[in-house]
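I have placed the structure first, in the form of structure tokens, so that the comments after it can refer back to it.
In our numbering, the protein residues as written are 102 to 328.
See below:
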């Protein structure tokens, strides 16, 4: 009887190992299903905060380094005759801002998230408790920017002209074996001018900020015709 019992020991050990392996696989699968949404949401939130801060600081630095005025209001005998846009300065600001953002956005690859193990089980009692699970984020991003302007009335015969830089950041957040797409757009105010006098509609509809090979600046005349 004892010999038969001893012969069954390896078989029982094998069954126990197999059972533990199956339980481990079930636990890991369950943990992955519970952890994945938490990690993805945390990564998305952290990346948005990081990118917004980088965009704001990068554009502010580029504005601080720029010289001269972006807008020059020209008055004639009958009031405002034209508004001159410093396209060269604005384009340089856009390029410098994007360059700064691209340089800093690469630092996000050092970001890590610590997700408490208790978050896997769910429930208020376990949330935030347990050994932290560290996740590394490795983004692959692209940055683009465009300039636009807007007008708003601030008083009698007073118009506020604002120039914005809209920055778009696209990132692929690689979290474990999953790739999460993140799109972020921020509008940063780069210049504003109070225009005293009536601004005709013919000007407000023209927003040219592309560099013209034949013109250093973009001169917008009220009599101009839209293309």
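Note that the Cβ used here is the ideal one computed from N, Cα and C, for glycine as well. Note that the structure is predicted; figures quoted are calculated from it, not measured.
For residue 126 and residue 265, the rounded distance between their alpha carbons:
Counting from one through the chain shown, the residue named residue 265 turns up at place 164. Counting from one through the chain shown, the residue named residue 126 turns up at place 25. Between residue 265 and residue 126, the C-alpha separation is close to 53 Å.
Within 9 Å, strictly: CB atoms of residue 263 and residue 246:
Looking up residue 263 in the chain shown gives position 162. Looking up residue 246 in the chain shown gives position 145. Pairing residue 263 with residue 246 gives a Cβ-Cβ distance that is not under 9 Å.
Where residue 205 sits in the DSSP three-state scheme
Locating residue 205 in the chain shown gives position 104, where the first residue counts as 1. Looking at residue 205 - three-state DSSP - the assignment turns out to be helix.
For residue 260, name the three-state secondary structure that DSSP assigns.
Position 159 of the chain shown, counting from 1, holds the residue named residue 260. DSSP, read as helix, strand or coil, puts residue 260 in strand.
Shortest alpha-carbon distance to residue 171 belongs to which of 279, 270 and 250?
Working through the chain shown from its first residue, we reach residue 171 at position 70. 250 is the residue among 279, 270 and 250 whose C-alpha sits nearest the C-alpha of residue 171.
Sub-9 Å separation of residue 274 and residue 285 beta-carbons
The residue given as residue 274 occupies position 173 in the chain shown. The residue given as residue 285 occupies position 184 in the chain shown. Cβ distance not < 9 Å, so residue 274 and residue 285 don't count as in contact.
Classify residue 168 as helix, strand or coil using the three-state DSSP reduction.
Your numbering for residue 168 matches position 67 in the chain shown. It is coil, neither helix nor strand.
Let me know the secondary structure DSSP gives residue 190 once reduced to three states.
For this step, residue 190 is matched to residue 89 along the chain shown. Taken through DSSP and simplified to helix, strand or coil, residue 190 comes out as helix.
Residue 252 versus residue 174 - alpha carbon distance
Locating residue 252 in the chain shown gives position 151, where the first residue counts as 1. Locating residue 174 in the chain shown gives position 73, where the first residue counts as 1. So the two alpha carbons sit approximately 14 Å from each other.
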